[in-house]
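Structure record follows, encoded as structure tokens.
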């Protein structure tokens with residue numbers, strides 16, 4: 022009986038200790054939750070949330086819409102939009118390693134000079150090494166500010182160092198991604214291909230005044246001709262995106278997609294336009310006229326199949342000039 026009483030007392034003592042431990046753990050958990058809630062909903066919490074977002078999110082970047090195409094009556098392209106790319110390096114990319122960069126910078130520079138000879142291999146190498154040196158100076162400044170308790174942000178200019186002077190097309194982009202060091206994932210190579218749209222005319226100067234032009238910054242829209250007349254239809258509607266750091270890699274997150282512009286189908290015929298331009302140019306050179314205009318219309322439908330306006334240049338040649346057919350509305 023005494024033994025049973027002793028066991029009961031021991032069990033009660035053990036249960037009491039466990040109960041105390043559980044109670045303490047619960048109190049500790051409540052304190053942690055309370056402290057976390059206090060930080061989250063206090064001004065300090067808002068401050069740290071803003072800091073976190075600055076480190077992981079770059080907000081509100083515009084997605085430019087694809088501008089609509091302009092076609093002949095039989096859907097031959099007179100003007101179209103294609104992506105082009107500006108090439109930068111991000112020397113703060115999470116996976117970029119100094120020793121790997123230094124190992125391949127020479128081979129990368131040679132490949133760049135062979136493909137884009139406006140710079141020598143040594144010049145490309147200097148651009149890349151200067152970008153890395155800038156990154157190290159920025160890192161040093163950040164460390165100094167932290168040591169002094171200074172909260173001022175250091176501008177990270179080495180995140181976007183332009184490597185290739187001119188913009189490149191998609192085929193060239195695929196090729197440079199095979200170059201030494203750049204043949205890795207972007208978070209290791211630091212390669213940034215910033216895409217934008219550019220206007221191209223597959224037929225060159227054919228009907229160039231009629232088709233018109235856009236501003237160098239295509240976002241500003243049409244500058245003349247059909248590009249200007251139907252700009253509101255061709256332009257489309259911009260979208261919105263932001264860049265977010267996910268698992269150490271910057272990615273675009275689309276908030277609102279862009280809406281592509283409408284296509285315009287004209288009544289122009291590329292063959293008739295070409296023949297008209299050649300015939301008018303020959304006649305102007307024969308007569309040494311100051312300018313000439315030709316309008317080709319299909320009588321049955323009234324559709325304009327070709328419009329040519331040629332003006333004489335200072336060197337005696339002729340090129341598409343003022344739209345005299347519409348500027349001087351008087352009898353011939």
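Residue numbers (my numbering): 22 to 353.
Beta carbons: idealized from backbone N, C-alpha and C, even for Gly.
Asked, Found
"Within 10 Å of its beta-carbon, does residue 330 have 16 or more other beta-carbons around it, so buried, or fewer, so exposed?", "buried"
"For residue 337, count neighbouring Cβ atoms within 10 angstroms of its own Cβ and tell me buried if that reaches 16, exposed if not.", "exposed"
"Given a threshold of 16 other Cβ atoms within 10 Å of its Cβ, counted over all protein chains shown, does residue 118 qualify as buried or as exposed?", "exposed"
"Of the choices 84, 91, 87, whose alpha-carbon is the least far from that of residue 222?", "91"
"Taking residue 146 and residue 127 to be in contact with their CB atoms under 8 Å, please state how far apart those CB atoms are, rounded to whole angstroms.", "7 Å"
"Within the chosen definition, does the region 98 to 105 reach the region 223 to 236 through at least 3 CB pairs nearer than 8 Å?", "yes"
"In the DSSP assignment, what are the bridge partners of residue 220?", "102"
"What does DSSP give as the partner residue(s) for residue 110 in the beta ladder?", "182, 212"
"Is there contact between the region 279 to 290 and the region 242 to 254, where contact requires at least three CB pairs shorter than 8 Å?", "yes"
"Just grab the DSSP bridge partners of residue 96 for me.", "The partner list for residue 96 (beta bridge, DSSP) is empty, contrary to what the question assumes."
"Candidates 236, 133, 260: which alpha carbon is nearest residue 199's?", "133"
"Between which residues of its own chain and residue 276 is the CB-CB distance below 7 Å, once the five residues before and five after are set aside?", "261, 262, 263"
"Give a yes or no on whether the C-beta atoms belonging to residue 207 and residue 112 are separated by under 8 Å.", "no"
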